[in-house]
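**Student:** Take this structure, written in structure tokens, and hold onto it; I'll ask about it next.
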Amino acid sequence: MNSNGVAMWPLALLLMFADPYQALRARQYDVAVTRFEAAIAEAPSNAALRKDLAYTLLKIGENEAARDQFGEAMRLSPADEAAAMEYAFLCFETKRQSEARRIFQRLNNDTARLAFHNIDDPLAAGIERWKKAVELSPGNFSAHEELAHLADQRDDFALAAQHYEAAWRLKPSERSLLLDLGRTWKALGRLQDANAALLAASRGAEPRTGERAREISPSRYPYVYEFRKALELDPANLDLRRELAYLYLAMSEKQAAETEFRIIVQSTPGDLLSAAQLGFLLLQRNDPAAQPLLQRVVEGDDEELADRVRGALKLPQTFRRRSETTQQKISRESKSMAEKSLRAGFLTDALKYLAVAHESDPLDFSVMLQLGWTYNVLKHDNEAVKWFNLARHSPDAAVSNEATRAFYNLAPGLARTQTTAWLFPVYSSRWRDVFSYGQVKTSFRIGGLPLRPYLSTRFVGDTRGTLDSGAGIVPQYLSESALIFGVGVATATFHGATGWFEAGESLGYRGPSAGHMTPDYRGGIMFSRGVGRLLRTGSHGAFAETNDDGVFVSRFNHDLLLYSQNRAGYTFRALETSGFHAQLYWNVNLTADARRQYWANYLESGPGLRFRFAALPPSLLFTVNALRGNYLVQTGNPRGPVFYDLRIGFWYAFTH
4 MNSNGVAMWP LALLLMFADP YQALRARQYD VAVTRFEAAI AEAPSNAALR
54 KDLAYTLLKI GENEAARDQF GEAMRLSPAD EAAAMEYAFL CFETKRQSEA
104 RRIFQRLNND TARLAFHNID DPLAAGIERW KKAVELSPGN FSAHEELAHL
154 ADQRDDFALA AQHYEAAWRL KPSERSLLLD LGRTWKALGR LQDANAALLA
204 ASRGAEPRTG ERAREISPSR YPYVYEFRKA LELDPANLDL RRELAYLYLA
254 MSEKQAAETE FRIIVQSTPG DLLSAAQLGF LLLQRNDPAA QPLLQRVVEG
304 DDEELADRVR GALKLPQTFR RRSETTQQKI SRESKSMAEK SLRAGFLTDA
354 LKYLAVAHES DPLDFSVMLQ LGWTYNVLKH DNEAVKWFNL ARHSPDAAVS
404 NEATRAFYNL APGLARTQTT AWLFPVYSSR WRDVFSYGQV KTSFRIGGLP
454 LRPYLSTRFV GDTRGTLDSG AGIVPQYLSE SALIFGVGVA TATFHGATGW
504 FEAGESLGYR GPSAGHMTPD YRGGIMFSRG VGRLLRTGSH GAFAETNDDG
554 VFVSRFNHDL LLYSQNRAGY TFRALETSGF HAQLYWNVNL TADARRQYWA
604 NYLESGPGLR FRFAALPPSL LFTVNALRGN YLVQTGNPRG PVFYDLRIGF
654 WYAFTH
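4 is the number of the first residue of the sequence shown in our numbering; add one for each residue after it.
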């Protein structure tokens, strides 16, 4: 195990221990779905797995999920007509007729052609019928809307856009038409017009329309000219105009902001916040028109806003606060909008809603935790760690524990220096010896560089020292028996993989090299992943993990060695009385080298037990493994092809 203690099995091993087809044959469809999903997580580009998952989802009535899997299979394997046909039929069944029509039109077989005409012919007839209705009654909103929808389904985007716009002009309160107009303009390549329509639809419309508009809008924040163009299309959109006014304020364009706030106040006298903002702007330049506006706010029903105005006018404060019910309502609504934004992938919008929720209820630790995760996903780890640090003081144990784990996982990586130490002593019955491995490493973070230099001291040794090889034969040393001092550089960990290289000197303390310094160069790539229920607090269930290292070592005759340690098993519930928390698993370990030396080429397997105690540090783990090994190279091997070994040890690590 390495210092992070987690790993991922290759697809073949995953299927070996969690075969979805076995569950499928047993008609355990829910289990099969779970196993297929785990296999796809390991091999996301495997089209066959996705097809089999889709057919399984159909068996349990999950048609939309099956449709999406067939769609991915079709994307991964464009020549697979069977997947394309299944996808098209499911699109038709789940009200995605446009997509179904496109797929049937592309496929060259009798069934597809018949299905295409079954969809296309009614659309064509409907379009002609509604065209005549529009000619007879140009002001008929329903005729324009219906014609636009039919043309949209038939991919006639020019005709659809023409009549979506006409319908919108006739009934500008139907802002969902702006979404459709923006989508069709985008399909036609009219990106500036499309962005303006989508921006207008995303502000001031009903929530679902706004969310859908944001989903297909550019991920960046809109430019000023886009706000202006959107207001030309939708001049009555006060939410849009108010946001533009605040954008002008942020840009110190006070005159432009005043113009927008003035339009809002004139059209909506009850908008007290806009009245206050306009009043403050006028007050700054001693305009007498500020007084009636601010007086209107003072006399209004927004007590907090009224107190802010009293403070600006140097009037006595009421010392009244909004009721708890109002605060809770704002917090609840903001959290709900944040959750919707997160599900839709609009992280910037989610941050805005979470900030409002935090302002409304500064002691809601779950909001602090969510702010931490959102900043973390956005790669703003310096902000994320601040919110995790606040959330870990929550009285809710679940929130506190999650925030604490996140904080301690993130904080060390942001420090300028980080010192990690680990120790792994293990007794081997095969050699009747105790081996010890350890390292103390201090790494340095230099700005945003992906490489981190470090200083390292390693220890490799054992208690027995040598193996008696008989009279007249040089004894064999069981370990390097050395302290190794090095300077190195390591990459950032990416999807569980880390590259590293170091140069140093090895100081032997036993044997011929005792007291001597020997150059030591080593480096390689290590990979770790885990799936399932790993040995963590509260965890129980099946798990699998792998630790893989490819290492070049100059001292071993410039050899390249490969170590692959794999485990799969079950994590048991922790015992409440003693805090004993254990895993039972099966080992499959492989060691090999480039020079094909017998001692470095063998395969091991056997049962193992790993456990910890709640009262001890989480990184202190005890292991017992009973292994049967087979040498893969027999040339020069004096010990026979098979060996047995009982290994008992513990692992401890900490980071500062």
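For glycine and all other residues, C-beta sits at the position ideal for the given N, C-alpha and C.
Where does P415 sit, in a helix, a strand or coil, going by DSSP?
**Tutor:** Helix, per DSSP.
**Student:** DSSP state of F555, grouped into three classes?
**Tutor:** If DSSP states are grouped into helix, strand and coil, F555 belongs with the strands.
**Student:** What are the start and end residues of each continuous alpha helix (DSSP H) run of 4 or more residues lying completely inside the region 347-422, in chain order?
**Tutor:** List check, alpha helix (DSSP H) in window: 350-363, 368-380, 384-394, 400-417.
**Student:** Tell me, which residues are paired with S459 by DSSP?
**Tutor:** Paired residues: K444, G489.
**Student:** Over what stretch of residues does the alpha helix (DSSP H) that includes F95 continue unbroken?
**Tutor:** 84-96 is the extent of the alpha helix (DSSP H) around F95.
**Student:** If contact is defined by three or more beta carbon pairs under 8 angstroms, each pair taking one atom from either stretch, is the region 438-445 in contact with the region 418-429?
**Tutor:** As far as the Cβ criterion goes, the region 418-429 touches the region 438-445, which means the pair count is three or higher.
**Student:** Would you mind giving the Cβ-Cβ distance between L357 and V402, rounded to the nearest angstrom? I have them listed as a contact below 8 angstroms.
**Tutor:** About 14 angstroms; that fails the 8 angstroms criterion.
**Student:** Do you know offhand how far D648's Cα is from N590's?
**Tutor:** Whole-angstrom Cα-Cα distance: 13 angstroms.
**Student:** Identify, in the order they occur along the chain, each residue of the same chain with its Cβ nearer than 7 angstroms to the Cβ of A69, setting aside the five sequence neighbours on each side.
**Tutor:** Hits under 7 angstroms: A57, L60, L61, L93.
**Student:** Would you mind stating whether L181 and F144 have Cβ atoms separated by less than 8 angstroms?
**Tutor:** Contact: no.
**Student:** Which whole runs of the alpha helix (DSSP H) in the region 132-161 are 4 residues long or more, in chain order?
**Tutor:** Taking only runs of at least 4 residues, the alpha helix (DSSP H) segments lying wholly in the region 132-161 are 144-156.
**Student:** Go through its chain and collect everything with a Cβ distance to I266's Cβ below 8 angstroms, but skip five positions before and after it.
**Tutor:** Excluding residues within five positions, the ones whose Cβ falls inside 8 angstroms are R244.
**Student:** So, at 6 angstroms on beta carbons, what are the nonlocal neighbours of G611 in its own chain, with the 5 sequence-adjacent residues on each side left out?
**Tutor:** Closer than 6 angstroms at Cβ, skipping near neighbours: Y588, N590, N628.
**Student:** Over the uninterrupted alpha helix (DSSP H) stretch that includes A684, give me the two end residues.
**Tutor:** The question about residue 684 has no answer, for the chain in this structure spans 4 to 659.
**Student:** Using the C-alpha atoms, what's the distance from D436 back to G74?
**Tutor:** The straight-line gap from Cα to Cα measures roughly 58 angstroms.
**Student:** Whose C-alpha, out of G639, H498, A617, I106, is nearest the C-alpha of R598?
**Tutor:** Residue G639 is the option with its Cα nearest to R598.
**Student:** In three-state terms, what does DSSP make of F657?
**Tutor:** It is a strand residue.
**Student:** Please list, in chain order, all residues of the same chain as T521 whose beta carbon is under 6 angstroms from its beta carbon, the five residues on each side excluded.
**Tutor:** If we look at T521 and ignore the five residues flanking it on each side, its Cβ neighbours are S509.
**Student:** Alpha carbon to alpha carbon, what distance is there between F160 and A190?
**Tutor:** For A190 and F160, the distance between alpha carbons rounds to 7 angstroms.
**Student:** So what's G1 in DSSP terms, helix, strand or just coil?
**Tutor:** The chain is shown only over 4 to 659; residue 1 falls outside these bounds and no answer can be derived.
**Student:** Between which two residues does the alpha helix (DSSP H) carrying R53 extend?
**Tutor:** It spans 50-62 - the alpha helix (DSSP H) in which R53 sits, taken as one unbroken run.
**Student:** Ignoring anything shorter than 4 residues, give me the alpha helix (DSSP H) runs that lie fully in the region 253-290, in order along the chain.
**Tutor:** You should have 257-270, 275-287.
**Student:** Ignoring anything shorter than 3 residues, give me the beta strand (DSSP E) runs that lie fully in the region 545-599, in order along the chain.
**Tutor:** Counting only runs of 3 or more, we get 562-574, 583-596.
**Student:** On a Cα-Cα basis, can you pick out the residue from A506, R78, D465, S397 that is closest to N49?
**Tutor:** The shortest Cα separation from N49 among A506, R78, D465, S397 belongs to R78.
**Student:** Per DSSP, S608 forms a beta bridge with which residues?
**Tutor:** According to DSSP, which records beta bridges pairwise, S608 is partnered with V591, R631.
**Student:** Per the contact definition of three or more C-beta pairs closer than 8 angstroms, is the region 293-302 in contact with the region 261-281?
**Tutor:** Yes, the region 261-281 touches the region 293-302.
**Student:** Can you give the Cα-Cα distance for A127 and R157, rounded to whole angstroms?
**Tutor:** Approximately 8 angstroms between the Cα atoms of the pair.
**Student:** Output needed for N633: all residues of its chain with C-beta closer than 7 angstroms, excluding positions within five of it in sequence on either side, in chain order.
**Tutor:** Around N633: Y605, L606, P644, V645.
**Student:** So F614 packs on F583, CB below 8 angstroms; how close in whole Å?
**Tutor:** Confirmed, about 6 angstroms.
**Student:** Could you pull the start and end residues of the alpha helix (DSSP H) that L79 belongs to?
**Tutor:** 66-79 is the span of the alpha helix (DSSP H), which, as asked, contains L79.
**Student:** Contact check, R217 vs F107 under 8 angstroms by CB: the rounded distance?
**Tutor:** Their Cβ separation, rounded to whole angstroms, is 31 angstroms, which puts R217 and F107 out of contact at 8 angstroms.
**Student:** I believe L241 touches A203 by the beta-carbon criterion, under 8 angstroms. Please report the beta-carbon distance rounded to the nearest angstrom.
**Tutor:** Not quite, the Cβ-Cβ distance comes to about 12 angstroms (not below 8 angstroms), so this is no contact.
**Student:** Considering only the beta carbon of each residue, do A585 and R570 sit closer than 8 angstroms?
**Tutor:** Not in contact: A585 and R570 (Cβ atoms no closer than 8 angstroms).
**Student:** On a CA-only basis, which of R105, P81, F555 is nearest A91? Give me that one, please.
**Tutor:** Nearest of R105, P81, F555 to A91, Cα basis: R105.
**Student:** Please list the terminal residues of the continuous alpha helix (DSSP H) segment that includes P23.
**Tutor:** Note, P23: alpha helix (DSSP H), 23-28.
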